[in-house]
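Peer 1: Residue numbers (the working numbering): 10 to 131. C-beta: ideal position from N, C-alpha, C; glycine also. Below you will find the structure I want to go over with you.
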């Protein structure tokens, strides 16, 4: 990622990408299908989500409903923010800023990888 950004292979230019490809499914149906087939979504709900749901059930059905509603609302707000930023991002981000953001993200991921590898030995 860092090398591609430095060499200019990553660009904000959508020409030549398949982003505008015509999709026949409704966006909501596509989102549901992608969520259900995402192994990380299933793993999260089978582990962390189930743990929190069990804790919420100590307060009865209202606790479970509150947890689920709060979780889904938080997801909706978060992904609404992300989609709004993605939709309006071109007004605020030029190619130079995009390149810097990609390099910073790449350095962060490389650092995180080094951290995880170094913790193997402890």
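Could you spell out the range, first to last residue, of the alpha helix (DSSP H) harbouring residue 51?
Peer 2: What you label residue 51 is simply residue 42 of the chain shown in a count that begins at 1. 48-53 is the extent of the alpha helix (DSSP H) around residue 51.
Peer 1: Can you tell me the Cβ-Cβ gap for residue 73 and residue 66, rounded? I've got them flagged as a contact below 8 Å.
Peer 2: For the purposes of this step, residue 73 is taken as residue 64 along the chain shown, with counting starting at 1. For the purposes of this step, residue 66 is taken as residue 57 along the chain shown, with counting starting at 1. Correct: roughly 5 Å between the Cβ atoms.
Peer 1: Identify whether residue 128 lies in helix, strand or coil by the three-state DSSP scheme.
Peer 2: Within the chain shown, numbered from 1, the residue matching residue 128 stands at position 119. Looking at residue 128 - three-state DSSP - the assignment turns out to be helix.
Peer 1: DSSP three-state label for residue 34, please.
Peer 2: Residue mapping note: residue 34 aligns to position 25 of the chain shown, counting from 1. Three-state result, residue 34: coil.
Peer 1: Does DSSP put residue 103 in a helix, a strand or coil?
Peer 2: For the purposes of this step, residue 103 is taken as residue 94 along the chain shown, with counting starting at 1. Coil, per DSSP.
Peer 1: Grab the span of the alpha helix (DSSP H) containing residue 63 for me, first residue to last.
Peer 2: Reading the chain shown from its first residue, position 54 is the one you call residue 63. Segment 59-65, the alpha helix (DSSP H) holding residue 63.
Peer 1: Would you grab the beta carbon distance between residue 61 and residue 76 for me? Rounded to a whole angstrom, and I think it's under 8 Å.
Peer 2: Counting from 1 along the chain shown, the entry for residue 61 is found at position 52. Counting from 1 along the chain shown, the entry for residue 76 is found at position 67. Rounded, the Cβ-Cβ distance is 6 Å, consistent with contact.
Peer 1: Whole-angstrom Cβ separation of residue 50 and residue 44, contact assumed at under 8 Å?
Peer 2: Locating residue 50 in the chain shown gives position 41, where the first residue counts as 1. Locating residue 44 in the chain shown gives position 35, where the first residue counts as 1. Correct: roughly 5 Å between the Cβ atoms.
Peer 1: Taking C-alpha atoms, which residue in 41, 80, 47, 42 lies nearest to residue 59?
Peer 2: By one-based count along the chain shown, residue 59 stands at place 50. When each option's Cα is compared against that of residue 59, the closest is 80.
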